[in-house]
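The structure under discussion appears below in the form of structure tokens.
Numbering (UniProt numbering), first residue to last: 1 to 248.
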């Protein structure tokens, strides 16, 4: 790291610090480079001990400056995330009457803090979170896939559609160690998986060996504890993930 990029001169030295501080540099006669200036006899005669070597101060100042700058950046990022999430707290959208258009793939994503779902929160206390132009709701109560679908619709949203690696990463880190329903089912025709909004079924992130339709009735998909997908019977109760456009 170039500490002198902060306007502070660097000091090097593997041995004990020289008395009198860093050597002053002067131009050598007829040379194109700097040569160290000889210390005066008075400085050699000085045997007093300094508590903080002068060469150490620039390094400490540089570290302090870097720390201050990083704090500023961190604060700015927190404010940006807060501002993004606030977009999802605007007025509710009217109940949708048509299918949502497919989502455009995006390379931008943000990692959100993992919250506890066993802290006694109520469903009403849970807030929508912003990610990549959409609002997401990670439930804190468990229910069947059908009830979860209805619950999302009552909140003017739908069960989440995961159609890109970017969104998969976001969901995987945000739902770690828990199971969440998503809007994927093969209830209409066994083995023909479909997103509930008609989005093309292209990108898939199934667990190894899944979907396997164990017991011949696993027609709904959820995000497994590992973040990958798993098929399970639709009456199984787990958390659910809703999504909706940002309110205008």
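Ideal Cβ placement from N, Cα and C applies to all residues, glycine included.
Taking just the CA atoms, how far does residue j sit from residue i?
i           : j           : result
residue 190 : residue 199 : 18 Å
residue 156 : residue 230 : 26 Å
residue 235 : residue 68  : 53 Å
residue 177 : residue 66  : 36 Å
residue 222 : residue 210 : 11 Å
residue 228 : residue 205 : 6 Å
residue 158 : residue 149 : 7 Å
residue 162 : residue 152 : 16 Å
residue 187 : residue 215 : 14 Å
residue 212 : residue 248 : 42 Å
residue 146 : residue 129 : 23 Å
residue 133 : residue 62  : 39 Å
residue 226 : residue 167 : 15 Å
residue 224 : residue 192 : 20 Å
residue 246 : residue 237 : 28 Å
residue 196 : residue 127 : 24 Å
residue 241 : residue 160 : 6 Å
residue 154 : residue 64  : 52 Å
Whole-angstrom Cβ separation of residue i and residue j, contact assumed at under 8 Å?
i           : j           : result
residue 233 : residue 217 : 5 Å
residue 243 : residue 135 : 7 Å
residue 201 : residue 208 : At roughly 19 Å, the Cβ-Cβ gap does not stay under 8 Å, so residue 201 and residue 208 are not in contact.
residue 203 : residue 164 : 6 Å
residue 173 : residue 131 : Not confirmed; about 11 Å, so no contact.
residue 220 : residue 175 : 16 Å between Cβ atoms; not a contact.
Which residues share a DSSP beta bridge with residue i?
i           : result
residue 159 : 242
residue 223 : 180 and 229
residue 136 : 129 and 243
residue 195 : 184
residue 206 : 229
residue 143 : 238
By the three-class DSSP mapping on this structure, what secondary structure does residue i have?
i           : result
residue 237 : coil
residue 166 : helix
residue 152 : helix
residue 216 : helix
residue 189 : coil
Between the region 179-188 and the region 138-150, do three or more beta carbon pairs fall short of 8 Å? Short answer: they touch.
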